[in-house]
Structure formats: structure tokens, C-alpha cells
Amino acid sequence: MEEILTHLHQYVPQIQYEKDVTVPVINATVKVTEGRTHSILLGGDQLSQARARSALKSKANSQAPQKKLEGLIPTIEDWHTKLTLFEVIWKYFVRPESSSDHGTAYQLRNLLGRSNVVTKPKKNLNACEDFLILLLRAYVTYAAMDVLQMENVDDTSNSLAEDLWLKSNEHRRKVLDSILTSIIDKFVDVKYNSEPLSSKDVVFSYAKQLISIGCLYMEFADGVKEGDGEGCCDVGATSWLLLETATGRTMHLKQCNCCISTSMLCPHSFQKR
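For the sequence shown, full-length UniProt numbering assigns the number 273 to the last residue and increments by one with no breaks.
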């Protein structure tokens, strides 16, 4: 790893300059060449990140910035976090043995003819992502239809006032917030330290858990697309705990602890989230 970092360090932006330094011992002024680096991110998976950090620590006592390999910041790429999250979702929700159970992800996969949606997401992550988004939209649409008491997507909800569209924007926003709150309360698991579900309706429980973890992934994906680092960190505090529990990878737990610790240094507006 040290050889790899040494090779990559040549691409770190650096500025070298000379300055006069007075040496009291010889009572003279000498010219010293110093450098200033502009740090860049070094992306990879968690194993690569751990090895890169160890390699940088071994160079910490070097004198010159080039020897210390300054300017390289190891970080986990979002793609690897996404892949690990997909592995957890596929482990619990996309299982071949559930192909005969109506409403499950694998049964819908066969019904829609999505043969490119494989059981191991890393073999075709794009197809798996498209399928999850399609599945999540269908579940959310059905959840909205249930709350609005609609039989099909072409119906008009009887729970909404006929003159709603003539009301002010503020009034319509409050109505929309009320509908969304009802959907979340019924179909999304947002509670913690709660009692285990006692419902015998396993289909509803399956759909609720799938919507919950699907919304968590969509929040993370939106944060990546919009460059919302705080949003990704906020989701990470929850998702990494889930990943560590499901996969047994302690590195996820360390990352979660780092994420939570970092939030203590963030603005108050972020801590409130």
C-alpha cells in the first residue's frame, strides 16, 4: 500500500517555494525549500481505506511533506456503501425461496421478467437499483391509495374536499403534510426501542419493512446526487448500524461511531436532525 500511495502522491497538487531562514548557530541566513499541498480525497472500499490509513501513520514521523505523503485523505466511496446496503436488502427481501409468495420482491421480479436482477447485487448493481426504485414506487403508490381510500390510480379520493385546489397554497400544503404523515405513520417504521410487531399479517409487515429500508436507501441516494454530505452522514448513523448487525462487519460499527462523533462538532441545525 505504501508503494501505491507513493505513486498516487505525484498527482497531489503541490506548490514549492523558497524562503530565508535564520540559523542562530552559524549566525547566517540560508534558503530553505518548502512545499504546500492541496489535500485530495483517496476513495476506495473500507479495506482499502484501513490499509491506506495504516500506511500514512507509518510515514507520520517523516520530515518532508513528500515523505509523509501529505495531501491524501482516505475515504469510503459512496458506491461501496451503496453496494453493502443492497446486500443487506437482498439478504432479507429478495430471496429465491419466496418466489411463490405473492407480493414479495422475488415474486414480482419473476412477474415483471426482470431476469437481470440477480441474487448477488454486485454482479449487476444498476439492474438491482432500478428494480428496487420501481418496487418502492409501487409500494408507496399503493400506500397513498390506501390512505386516500382509492381503488385504483384513476380514482378521485373522497377524503379530499372538492374545492381543495381552489384553496391557498398554505392550506394545500397543510393537507399534503397531513396525508404524508398518515402514510408514514402507517407504512413506515420510524420508531425505535419499540415492542416487536404482534400482527399476524406477515404480508403487511413485509411491505412495511421494505418501504422503511427502501426510503432509507432513497434518502442516501438523494444525498449522494445532491452532494449533501450532512444528509449522507445523517443516514449513515442509522444505516451503518443496520449493516453491522446484518453483515457482522465491525468496520461498519466503527464508521457509525465516527459518524455520530462527528455530529457533535457539526452546527446545531445538523444536530437537531
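Backbone N, C-alpha and C fix where the C-beta goes; we use that ideal spot for every residue, glycine too.
- Relative to the Cα of S99, the nearest Cα in the group L166, K200, G113, D146 belongs to G113.
- For Q209 against D189, the beta-carbon gap comes to about 6 Å, under 8 Å, which counts as contact.
- L72 sits away from H7, with the two beta carbons spaced by 8 Å or more.
- Within the model, the alpha-carbon separation for I133 versus T156 is close to 25 Å.
- For A28, the enclosing beta strand (DSSP E) begins and ends at 28-37.
- Ranking I76, T75, N61 by CA distance to the CA of L69 puts N61 first.
- When V88, V203, G214 are compared, the shortest CA-CA separation from D101 is found for V203.
- In the structure shown, D146 adopts helical secondary structure according to DSSP, grouped into three states.
- In its chain, beyond the 5 residues on either side, no residue has a beta carbon closer than 6 Å to the beta carbon of L160.
- Of I4, E77, S182, G35, the smallest CA-CA separation from L148 is found for S182.
- For R137 and E97, the gap between their C-alpha atoms comes out near 24 Å.
- Secondary structure at K59: coil, using DSSP grouped into helix, strand and coil.
- In the three-state reduction of the DSSP assignment, V21 falls in the strand class, which pools E and B.
- The beta-carbon separation of W90 and P121, rounded to 5 Å, stays under the 8 Å limit for a contact.
- For the pair F131 and N124, the Cα-to-Cα distance works out to about 11 Å.
- Here DSSP, grouped into helix, strand and coil, assigns P74 to strand.
- If you draw a straight line from the Cα of Q46 to the Cα of I76, it comes to about 6 Å.
- DSSP, reduced to helix, strand and coil, places L69 outside both helices and strands of the structure shown, so it counts as coil.
- For a cut-off of 8 Å, the C-beta gap from S58 to E18 is around 29 Å, too long to register as a contact.
- Following the DSSP letters along the chain, one finds L108 inside the alpha helix (DSSP H) bounded by residues 105-111.
- Between Q14 and T37, the C-beta gap is smaller than 8 Å, which places the two residues in contact.
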